[in-house]
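Some notes on the structure that comes next.
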Amino acid sequence: MNIFRLCGDMSHLAAIIILLLKMWKTRSVAGISGKSQILFATVFTARYLDLFTSFISIYNTCMKVFFIGTVYFTIYLIYMKFKATYDSNHDSFRVEFLIVPVGGLAFLVNHEFAPLEIIWTFSIYLESVAILPQLFMISKTGEAETITSHYLFALGSYRALYLCNWIYRYYAEGFFDLIAVVAGVVQTILYCDFFYLYITKVMKGKKISLPA
Amino acid sequence: PVIEEGHDEL
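What follows is the structure, given as structure tokens:
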């Protein structure tokens, strides 16, 4: 464990808590993409299959349980409890255009052609594009609530911090995982446009409103 | 590249 990875995990944790607070306080899921949350649930389920077979640390297990638990709770809030406020018309990204290529790529490019490893690789590739339905929804509605912007900033920062973690681990431990790094770079790049808007607008107290 | 058995990151 290193400070970059710890900050990354905390940023990820903060993003999930911000999202839950937004939903619970406003009792609304307006502006939130249920499809992205379903993709994140798929990512966590696929990545944490080893939750019961390999024990890394208490921290690792607790975080995995928390991430899986909260993402399914988020889906429950979107599609059941606050279903009336879910904006399905604007949440229209075709996720099959993500899942099929990512699934194919996981078969072709992986560290080891073994079931658990291919599923792990699938979760890494899927995570890098899982935010697209959410970003697409914001571009369609033309705006994002400030709290949703904070959620996205924390979520984007988490993988950016993981990139720092991988640089650190390369020099400190000689650890290098090309698949995770490449997917992490793609994932972070997808947020750059949003980071720019966040820093130039939200940090000055303005709302993010894209030219619709 | 060094690949550990399994993955220790979240």
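Protein sequence lines correspond, in order, to chains P and A.
Using our numbering, the first residue of the first sequence is number 354, and each one after it goes up by one.
Using our numbering, the first residue of the second sequence is number 3, and each one after it goes up by one.
Glycine is no exception: its CB is placed at the ideal position from the N, C-alpha and C atoms.
- As the crow flies, the alpha-carbon of Phe393 of chain P is around 22 Å from that of Ile411 of chain P.
- Using a Cβ-Cβ cut-off of 7 Å, Met363 of chain P does not count as an interface residue toward chain A, since no Cβ of chain A sits closer than that to its own.
- Beta-bridge partners assigned by DSSP to Ala497 of chain P: P:Ile561.
- Looking only at P:Glu526, P:Lys559, P:Arg512, P:Phe450, the smallest Cα-Cα distance to Ile542 of chain P is reached by P:Arg512.
- Each residue's CA atom was taken as its position, placing Leu469 of chain P and Asp10 of chain A some 14 Å apart.
- Shown here for Val539 of chain P: same chain residues with a beta carbon closer than 7 Å to its own, the five before and five after excluded, namely Ser481 in chain order.
- Judged by their CB atoms, Ala459 of chain P and Phe446 of chain P are not nearer to each other than the 7 Å cut-off.
- Interface flag for Ile532 of chain P against chain A is unset, since no Cβ pair is found closer than 7 Å.
- Each of P:Val448, P:Tyr401, P:Phe419, P:Lys417 was checked against the Cα of Ile391 of chain P, and the nearest Cα belongs to P:Val448.
- Note that the C-beta distance between Ile369 of chain P and Thr423 of chain P is below 7 Å.
- Interface criterion met: the Cβ of Ile409 of chain P is under 7 Å from a Cβ in chain A.
- Under the criterion of beta carbons closer than 8 Å, Leu430 of chain P and Val382 of chain P qualify as touching, at roughly 6 Å.
- Between the alpha carbons of Phe357 of chain P and Trp519 of chain P lies a gap of roughly 9 Å.
- In the three-state reduction of the DSSP assignment, Val534 of chain P falls in the helix class.
- At the C-beta level, Met490 of chain P and Ser386 of chain P come within 7 Å of one another.
- Contacts with chain A (Cβ-Cβ distance below 8 Å) from the stretch 405 to 434 of chain P involve Ser407, Ile409, Asn413, Met416, Lys417, Phe420, listed in chain order.
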